[in-house]
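Novice:
There are 2 protein chains.
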Amino acid sequence: MIRRLCIVGVGLIGGSLARALRAAGVVEEIVGTSRNAAHLQRAEELGVIDRFDTDIAAAAQGADLVFVSVPLGAMRAVFEALKGRLAEDAVLTDAGSAKASVVEDARAVFGEVPACFVPGHPIAGTEQSGVDASFAELYRDRRVILTPLDNTDAQALARVRALWESAGAVVTEMAVEHHDEVLAATSHLPHALAFTLVESLARMSDQREIFEYAAGGFRDFTRIASSDPVMWRDICLANRNALLAMIAHFTGDLAQLAELINEGDGERLLEFFETAKRARDAFAG
Amino acid sequence: MIRRLCIVGVGLIGGSLARALRAAGVVEEIVGTSRNAAHLQRAEELGVIDRFDTDIAAAAQGADLVFVSVPLGAMRAVFEALKGRLAEDAVLTDAGSAKASVVEDARAVFGEVPACFVPGHPIAGTEQSGVDASFAELYRDRRVILTPLDNTDAQALARVRALWESAGAVVTEMAVEHHDEVLAATSHLPHALAFTLVESLARMSDQREIFEYAAGGFRDFTRIASSDPVMWRDICLANRNALLAMIAHFTGDLAQLAELINEGDGERLLEFFETAKRARDAFAG
């Protein structure tokens, strides 16, 4: 049971967790905080949080669980606001989409990464953002990756695991660097490609006509380019190395495809597409 | 009213048109043909066609409308089979995803592009293929692009337009080359990117684990990589120049994004993502 949950950043991610834990009946009180009083006001109106305070330290006071779901670029400032103000039994966790940068932020602010801090990342979300888009089922049957460090307190880890399991998620653990590589491949690179494709077409002179002839495949393919630009700017900067490596890898593979097309090598093109279709069908099934 | 419609290649595209025209009550008889008797048998069982013949010329005999929906690589052989065997009042049209190559095939086979031939392309489809995936509503409110040539018979054009409108589609006309450029941008490039991404990840050693952590965004983004490999091999070869130009364009834009990430230029990254999001949201709305 969580006595008092403090959620820093009550948007799609934080709001959905609040709704899920409330629905599961595992939390007594939820306090929201962020820099935006209007957003917090809205979250209170929706019943997602019980009360709010735009002062982060005040909001976290007496909380036994502090959940930070802000863009990666805002993490360090949140840690600074929390420094020396956490309750003695408090567990701190986050939802950042890259983990090395968050761990680095924690180390920079606290001197060493606190034993009570459990870095985490729910592999869930939609292209929507904000508390109005939040819903209790967002995490149901979704993966949550926790990346504990050597000094992470075992009990803190167990509490964060239980938190996510109460929300219906499937929790796994992996090393910080491995997380960042896996996510660069499955999430950060696809977003970079979708944003680039849409930006590229938008700059072409006859963009209106081009979008007019785009069909359902294009719609699906580019849906993720509707995601929050601030969040994605921060992810690109925070997971810079792994993402740049994946972009370089992909660029090489695309050049190879272009070479097959240029050579008119139908046999190897077919092989290329068959490999991809098999992998995609296996994934879907 | 179509007296006898001959459909060459009764898969998702041909089958859905047959169903739509039947539902609209504008066709008396539908004859299917292709090289695969089992597929044709299945189409007959489903009631999509009235009868079939694996001999293309025999199937097209007496047809006043011949619709060719085979992969682009099979177009030329179909034209060869039809040469000299079309009824005098017959109109010929196709559904190829690239138009210059089809026009070139027609020219090569018939000496000049027949006046009765109206090159066309329905901007519709799913990642499924085969007659079992066909449905009457596939073309409802979807775009169909016709690319008539200078010598195309006006009445033939009017009949093909009416055909698609009966299926619920919105018909527009454009020049062959322009069609191929627009489709390279909105369809062929996105497919190339999705296939490449999945193929790329599939070759990474820990592929199983990687796909395990892929979320809904990845699912949407890569759905089109489940499309028919033969069809896409043929499109890449048929629309080689326009597609290679788009891949080069995209590669340049991706390199620019990588440069912004590498430089840590948050301001321009944000701008990049905001431009993309605006364009994508406008498209969706």
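Just so you know, the protein sequences line up as chains A and B, in that order.
Going by numbering that gives the first Met the number 0, the first residue of the first sequence is number 0, and it counts up by one from there.
Going by numbering that gives the first Met the number 0, the first residue of the second sequence is number 0, and it counts up by one from there.
In this text, a Cβ means the ideal position worked out from N, Cα and C, and glycines have one as well.
Here the structure is a predicted model, which means the values were calculated and not measured.
#1: If I follow the unbroken beta strand (DSSP E) through P228(A), where does it start and stop?
#2: Could you say if the stretch 180-187 of chain B and the stretch 227-238 of chain B meet the contact criterion of at least three C-beta pairs nearer than 8 Å?
#3: When burial is assigned at 16 or more other CB atoms within 10 Å of the CB, is D104(B) buried or exposed?
#4: Is there a C-beta anywhere in chain A that falls below 7 Å from the one on G83(B)?
#5: With C-beta atoms as the reference, is L286(B) less than 7 Å away from A59(B)?
#6: Buried or exposed: where does E180(B) fall if 16 or more other Cβ atoms within 10 Å of its Cβ makes it buried?
#7: Please confirm whether I48(A) and I29(A) have their CB atoms less than 7 Å apart.
#8: R158(B): which of E43(B), G119(B) and A123(B) sits nearest, CA to CA?
#9: What does E172(B) pair with, by DSSP beta-bridge criteria?
#10: Along the stretch 265-276 of chain A, what residues have a CB closer than 7 Å to any CB found in chain B?
#11: What separation, rounded to the nearest whole angstrom, lies between the Cα atoms of D52(A) and F249(A)?
#12: Which residues, taken in chain order from the stretch 162-182 of chain B, show a beta carbon closer than 8 Å to some beta carbon of chain A?
#13: I6(B) by DSSP, collapsed to three states: which one?
#14: Starting from the N-terminal side, write out each stretch of the beta strand (DSSP E) that is 3 residues or longer and does not extend beyond the stretch 70-156 of chain A.
#15: Taking P113(A) as the reference, which of D149(A), L243(A), A132(A) and G95(A) has the closest Cα?
#16: Where A275(B) and R222(A) are concerned, what is the direct C-alpha to C-alpha distance, given to the nearest angstrom?
#17: Among the residues of its own chain, which have a CB less than 7 Å from the CB of H190(B), if the five just before and after it don't count?
#18: Under 8 Å, with one C-beta from each stretch per pair, do the stretch 123-138 of chain A and the stretch 196-213 of chain A reach the 3-pair mark?
#19: For E27(B), which residues of its own chain have a beta-carbon under 6 Å away from its beta-carbon, when the five flanking residues on both sides are left out?
#20: Which residues of chain B have a Cβ atom closer than 8 Å to the Cβ of G263(A), listed in chain order?
#21: So R142(B) contacts chain A; which residues on that side make the cut at Cβ distance below 7 Å?
#22: So, are the CB atoms of P147(A) and V117(A) less than 7 Å apart?
#23: Chain B beta carbons: is any one of them nearer than 7 Å to that of T195(A)?
#24: Assuming V67(B) and V7(B) are in contact, meaning their beta carbons sit under 8 Å apart, how far apart are those beta carbons, in whole angstroms?
#25: Just verifying my parser: in three-state terms, what is the DSSP assignment at V47(B)?
#26: Let me know if G10(A) comes out buried or exposed under the rule of 16 or more other beta-carbons within 10 Å of its beta-carbon.
#27: Helix, strand or coil: which one does DSSP assign to T32(A)?
#28: Using the three-state DSSP reduction, which class does V25(B) fall into: helix, strand or coil?
#29: Are any of the Cβ atoms in chain A nearer than 7 Å to that of I12(B)?
#30: Give the interface partners of S133(B) over in chain A, defined as CB-CB distance under 9 Å, in chain order.
#31: Does D93(A) come within less than 7 Å of chain B when only Cβ atoms are used?
#32: Mind checking whether A97(B) and N238(B) have CB atoms under 7 Å apart?
Specialist: Taking the geometry as given:
#1: Counting from 1 along the first sequence, the entry for residue 228(A) is found at position 229. Careful: P228(A) lies outside any beta strand (DSSP E), inside the alpha helix (DSSP H) at P228 to A237.
#2: yes
#3: Against the second sequence, residue 104(B) aligns to sequence position 105. Its Cβ being crowded by 16 or more others within 10 Å, D104(B) is buried.
#4: For the purposes of this step, residue 83(B) is taken as the residue at position 84 of the second sequence. Closer than 7 Å: no.
#5: An answer regarding residue 286(B) cannot be provided, because it is not within the stretch 0 to 284 covered by chain B.
#6: For this step, residue 180(B) is matched to residue 181 along the second sequence. Buried, because 16 or more other Cβ atoms sit within 10 Å of the Cβ of E180(B).
#7: Numbered from 1 along the first sequence, position 49 holds the residue referred to as residue 48(A). Numbered from 1 along the first sequence, position 30 holds the residue referred to as residue 29(A). Cβ atoms of I48(A) and I29(A): closer than 7 Å.
#8: Along the second sequence, read from residue 1 onward, the residue named residue 158(B) stands at position 159. It is G119(B) whose Cα lies nearest to the Cα of R158(B).
#9: Sequence index remark: in the second sequence, residue 172(B) carries index 173 (1-based). Beta-bridge pairing links E172(B) to L145(B).
#10: G265, L268, L269, F271, F272, E273, T274, A275 and K276
#11: On the first sequence, position 53 is the one that residue 52(A) refers to. On the first sequence, position 250 is the one that residue 249(A) refers to. For D52(A) and F249(A), the distance between alpha carbons rounds to 45 Å.
#12: V181 and L182
#13: Against the second sequence, residue 6(B) aligns to sequence position 7. Three-state result, I6(B): strand.
#14: 90-93, 119-121 and 142-145
#15: Reading the first sequence from its first residue, position 114 is the one you call residue 113(A). For P113(A), the nearest C-alpha among the options comes from D149(A).
#16: As a working mapping, residue 275(B) is identified with position 276 in the second sequence. As a working mapping, residue 222(A) is identified with position 223 in the first sequence. Distance between the alpha carbons of A275(B) and R222(A) is about 11 Å.
#17: The residue you call residue 190(B) lines up with position 191 of the second sequence. Only I223, S226 and W231 meet the Cβ criterion.
#18: no
#19: Mapped onto the second sequence, residue 27(B) falls at position 28. Within the same chain, E27(B) has close Cβ partners R2.
#20: Taking the first residue of the first sequence as 1, we reach residue 263(A) at position 264. By Cβ distance, chain B contributes L236 and R239.
#21: As a position in the second sequence, residue 142(B) is number 143, starting the count at 1. Here the neighbours are Y212.
#22: Indexing the first sequence from 1 puts residue 147(A) at position 148. Indexing the first sequence from 1 puts residue 117(A) at position 118. In this structure, V117(A) lies closer than 7 Å to P147(A) by Cβ.
#23: Indexing the first sequence from 1 puts residue 195(A) at position 196. By this cut-off, T195(A) is an interface position.
#24: Reading the second sequence from its first residue, position 68 is the one you call residue 67(B). Reading the second sequence from its first residue, position 8 is the one you call residue 7(B). With a Cβ gap of about 5 Å, V67(B) and V7(B) count as contacting.
#25: Reading the second sequence from its first residue, position 48 is the one you call residue 47(B). In the structure shown, V47(B) sits in coil (DSSP, three-state: anything other than H, G, I, E or B).
#26: Residue mapping note: residue 10(A) aligns to position 11 of the first sequence, counting from 1. Looking at its Cβ environment, which holds 16 or more other Cβ atoms inside 10 Å, G10(A) is buried.
#27: On the first sequence, position 33 is the one that residue 32(A) refers to. The answer is strand: DSSP assigns T32(A) an E or B state.
#28: Locating residue 25(B) in the second sequence gives position 26, where the first residue counts as 1. It is coil, neither helix nor strand.
#29: Start at 1 with the first residue of the second sequence, and residue 12(B) comes out as number 13. False, the Cβ-Cβ gap to chain A never drops below 7 Å.
#30: Counting from 1 along the second sequence, the entry for residue 133(B) is found at position 134. Those do not exist, as S133(B) stays about 16 Å from chain A at its closest Cβ, beyond 9 Å.
#31: The residue you call residue 93(A) lines up with position 94 of the first sequence. Not one chain B Cβ lies under 7 Å of D93(A).
#32: The count along the second sequence starts at 1 and reaches residue 97(B) at position 98. The count along the second sequence starts at 1 and reaches residue 238(B) at position 239. Closer than 7 Å, so yes.
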